[in-house]
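Beneath this line is the structure, given in structure tokens, with notes to follow.
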Amino acid sequence: MGAMISEVKSQIDKMDNLKQKQDEIKEALENMQLMATDQLDLFNERIRNPGYDTHLIPISKILDNFQYIMCTTSNHDKIGTSIKEAIKDFSTGTIANGIANLAENIFKRLLGESSGDRFLQTHYTISVDELGGIARLDTLFFVYNFRAAGLRDTAGSVCAACVVKSSADVTSIDDNTLRVIVNQCFETSDKNLRKQILAEVQAAVAESRKHPEPPLKLENGSKSGHRQLDGPEAKPVERPDEEDVGAQEEM
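Take the sequence shown: its letters are residues 56 to 306, numbered as in our numbering.
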């Protein structure tokens, strides 16, 4: 009888320990997600700040973004493919392949490193859509490797990625800069892929320079000779004739 009671107590203790470990896992994962979320929020704020880095290719408008956070075990083989699928709505073809190659290389290198280490890398590049529109893609990759009781067999790292798509203003960028940017942003891709990306970007830039933004049209204002902006909000500025002014003074 005493042996049976002892066995029951042992099973209860195991269940309590399991629940405690599950709670520890949940709390640890929530903390890791909060840490990654903070990094993504800071990244987005920097992109919205035009004074953060004046040497980047300027943007006109932020169009869209996506971000995701995931906990992973030691199997990182499909991370590059997952990122490519996640960004397919932002960019397709050679650009997507280039970013997928970059992401796969970064995560393979960073995941599984020493426990407690944090790694963060940011990149940006330019992409061309099917209509020749040029966008700037800012990417962030964040990895935190951790090890805790109850987590060894379930999760060893948390990784986060963010891609922000903005319309780019590349009219003032010279060809040499375009070549350097493409080569640097897609350095992990083979030479032929980099050449294809460069050709797409060069063609899109050339097309955008053929169709610059139309300048504001100026026309002479009524009687005053002042130049007024031509548009729905423009109204002629009328000033009284000199004869009218004199007549008013005599009265």
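Each residue gets a CB set at the ideal place from its N, CA and C atoms; glycine is no exception.
key: Tyr-179 versus Arg-191: straight-line alpha-carbon distance, rounded   = 7 Å
ask   = Terminal residues of the continuous alpha helix (DSSP H) containing Ile-228?
value = Premise fails: Ile-228 is in no alpha helix (DSSP H) and is neither H nor E.
task = Check the DSSP bridge columns for Ile-161 and list the partner residues they point to.
result = Ile-161 pairs with nothing; no bridge assigned.
request  = With DSSP as the reference, label Phe-98 as helix, strand or coil.
outcome  = helix
key: First and last residue of the uninterrupted alpha helix (DSSP H) at Asn-200   = Run containing Asn-200: none in the alpha helix (DSSP H); it sits in the beta strand (DSSP E), 189–200.
ask   = Terminal residues of the continuous beta strand (DSSP E) containing Ala-212?
value = It is worth fixing the name first, because residue 212 is Ser in this sequence and not Ala. Start and end: 212–223.
query = Taking Met-90 as the reference, which of Gly-153, Phe-174, Glu-79, Asn-156 has the closest Cα?
reply = Phe-174
query = Under the DSSP definition of a beta bridge, which residues are partnered with Asn-120?
reply = Val-219
message = If distances are taken between C-alpha atoms only, which option among Val-213, Thr-194, Ile-189, Asp-193 comes closest to Asn-200?
response = Val-213
Opening and closing residue of the beta strand (DSSP E) in which Ser-182 lies = 173–183
query = Buried or exposed: where does Arg-249 fall if 16 or more other Cβ atoms within 10 Å of its Cβ makes it buried?
reply = buried
task = For the alpha helix (DSSP H) holding Ser-244, just list the boundary residues, first then last.
result = Counting along the chain, Ser-244 falls outside any alpha helix (DSSP H), and DSSP gives it neither H nor E.
Residue of Arg-264, Arg-164, Gln-239 minimising C-alpha distance to Val-55 = A question about residue 55 goes unanswered here, because the residues of the chain that appear run from 56 up to 306.
message = Between the alpha carbons of Ile-236 and Thr-194, how many angstroms are there, rounded?
response = 14 Å
task = Ignore the nearest five residues each way along the sequence and tell me which others in Gln-75's own chain have a CB closer than 7 Å to its CB.
result = none
Per-residue DSSP class, three states only, for Lys-272 = Only weak support is given to the placement of Lys-272: the predicted model assigns it a pLDDT of 47, under 50, and the value that follows is read from those uncertain coordinates. If DSSP states are grouped into helix, strand and coil, Lys-272 belongs with coil.
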